[in-house]
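In the numbering used here, the protein residues as written are 22 to 147. Inspection log for the structure reproduced underneath, given as structure tokens.
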């Protein structure tokens with residue numbers, strides 16, 4: 022910038038803002054009840070957190086997807102999506118059909134990375 026009277030350059034300083042993205046992780050994935058009757062509802066819950074500095078904090082109002090892998094299969098299938106509450110907990114309900122593993126994932130966004138590995142929980146359907 023130039024000074025309006027002398028036409029000399031003014032000293033200036035600029036604050037540099039970090040434009041990074043935060044790491045995310047999903048904790049405590051749980052599918053219940055275990056075991057469950059065929060056709061009964063399975064409730065899948067998990068807690069999403071994001072890293073702020075060196076601290077992990079609950080990440081509320083964020084989307085997650087719920088995935089299922091049937092026993093004997095190598096393929097994960099997306100069952101649907103949910104949104105975390107103010108404490109970072111997401112809840113998803115689905116009718117049970119076959120034995121298998123449930124998990125959750127966060128796909129990230131402009132300020133957050135995809136979630137790292139989330140725990141899987143096995144449900145026995147009887």
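A virtual CB, placed ideally from N, CA and C, is assigned to each residue, including glycine.
Residue pairing by DSSP puts residue 143 in a beta bridge opposite 122. In the structure shown, residue 49 falls within a strand segment according to DSSP collapsed to helix, strand and coil.
The beta carbon of residue 78 sits closer than 7 angstroms to the beta carbons of 70, 71 from its chain, once the five residues preceding and following it are set aside; these are given in chain order. About 6 angstroms separates the Cβ atoms of residue 57 and residue 146, confirming a contact at the 8 angstroms cut-off. Remark: C-beta atoms of residue 116 and residue 60 approach each other more closely than 8 angstroms.
Ranked by Cα distance from residue 42, the first of 62, 140, 131 is 131.
Distance from the CA atom of residue 64 to the CA atom of residue 75, rounded to whole angstroms, is 32 angstroms. In terms of CA proximity to residue 94, 123 leads the group 136, 127, 123, 106. With fewer than 16 other Cβ atoms from the protein chains shown falling within 10 Å of its own Cβ, residue 73 counts as exposed.
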